[in-house]
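A.B. asks: Taken in order, the sequence shown gives residues 1 to 279; the numbers are from the numbering used here.
The beta carbon of each residue, even a glycine, is placed where N, CA and C say it ideally should be.
Computed from a prediction, not measured in an experiment: that's the story for all the values here.
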Amino acid sequence: MAERYDCHYCKESLFGKKYVLRDENPYCVKCYESLYSNTCEECKKPIGCNSRDLSYKDRHWHDDCFHCFKCQRSLVDKPFSTKDEQLLCTECYSNEYSSKCYECKKTIMPGSRKMEHKGNSWHETCFSCQRCQQPIGTKSFIPKENSNYCVPCYEKQFALQCVHCKKPITTGGVTYHDQPWHKDCFLCTGCKLQLSGQRFTSRDEFAYCLNCFCNLYAKKCAACTTPISGLGGSKYISFEERQWHNDCFNCKKCLVSLVGRGFLTERDDILCPDCGKDI
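1) Suppose the cutoff is 7 Å on Cβ atoms and the five residues either side in sequence are ignored; what does the same chain contact list for F69 look like?
2) Which residues does DSSP list as the beta-bridge partners of P273?
3) K156 to K78, Cα distance in whole Å?
4) Please confirm if the segment 2-16 is in contact with the segment 24-32, defined as three or more CB-CB distances below 8 Å between the two stretches.
5) Restricting to runs no shorter than 4 residues, where is the alpha helix (DSSP H) found entirely within the segment 99-164?
6) DSSP on K219, reduced to helix/strand/coil?
7) Using 8 Å for Cβ pairs, my map puts N95 next to T107. What's the rounded Cβ distance?
8) Taking only three categories from DSSP, how would you classify T201?
9) Applying the 10 Å Cβ sphere with the 16-neighbour rule, what's the burial state of C188?
10) If you measure between the beta carbons of Y5 and F15, is that distance less than 8 Å?
11) Residues in the same chain with beta-carbon distance under 7 Å from D53, minus the five sequence neighbours each way, listed in chain order, please.
12) Starting from the C-beta of I169, find all residues in its chain whose C-beta is less than 8 Å away, skip the five residues before and the five after it, and write them out in chain order.
13) Rounded to a whole number of angstroms, what is the C-alpha to C-alpha distance between K118 and K100?
14) Reducing DSSP to helix, strand and coil, say where K83 ends up.
15) Name the residue from T90, K219, F127 whose alpha carbon lies nearest to the alpha carbon of K105.
16) Flag this pair as yes or no: are the beta carbons of I237 and N246 separated by less than 8 Å?
Right under this line is the structure:
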C-alpha cells in the first residue's frame, strides 16, 4: 500500500495536485495562499502562487497592480520613486516634486547632479559664470545681482585694485585718502607694520603708526624727554619754545602740578610761586 502524502495543514491528500513546500512541509495551494500569501497594497487581494510578488519596504503588489499612482503606467523593472507612500514613475515624480533649474527652468531629474545656493537649484551645466559662461562646478564663486561669477572673472570685472600692489581686492580691504588698499599692503611708512585695526596718523600724505610719528616728528617733553604726540585730544603745556606733558608740568622742588596756575622759571626749571620766593 502506497504511503500517504497529505497537506501539512488540512491533511487532504496531495496526490495528483499542485502543492508548495515551506520549511520542508507540503501545503495544498489553497492552504498555502490562505496561510502565507501577502496581500496586495493596490487591490487588497492575496498574491497567489501563480502571481509574481513584487515587494518594496515590506509592502507587496501583484505584477498588474505595481503601477504609477498618477499615470498608471507599469513600474515593473523600471525606476520609480515614492511620495506619501504612493508609487510614482520618475517622470511624474520629477514633474510634481523635483526642483526646477533656476537658469533654464526645466526639471532637475532625480539622480542627476544639481548645484544649490541660497535656496535655488541648477543643473550642473547651467550653474555657470555670468561672464565666461564656463560651468562653476565645485570651484569658488561670488554672487552679484542675481548672477554668479567665478573668482577670476569677478576680479576682472568688479574688484578694486590695491593702490600699492595693483592686485584685486576681494576681501578685507582698507580705504585711505579715498583709495583702496589690501590690509597687508597698508603699512606704516616708518616701521612697515600693518596699520589696519590700530590708530595711525599721516604727514605729507604718508601714513605712520603713532610710535613712528612721535619718534620722527613729535616735540619732546622738557621734563621726561619722551615725545608729546598731541593726538587723541591729549593736552600739553607750551612755554617759550618748550613743551611739557600735562602730567610733567610740575614744580621742580615740591612737585606740585602747575597746570592752570602761575609759575616762575629758574634757568631750565619751573617753580611754583612758593618755592620761587627765594630766587
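C.D. replies: The relevant details are as follows:
1) Beyond the five residues adjoining it in sequence on each side, F69 comes within less than 7 Å, by CB distance, of Q86, L87, L88 in the same chain, given in chain order.
2) Per DSSP, none; premise fails for P273.
3) 49 Å
4) yes
5) 151-157
6) Strand at K219.
7) 6 Å
8) DSSP places T201 in strand when its eight states are reduced to three.
9) buried
10) yes
11) N38, I47, H60
12) A159, L160, Q161, C162, P180, W181, H182
13) 14 Å
14) strand
15) F127
16) Yes.
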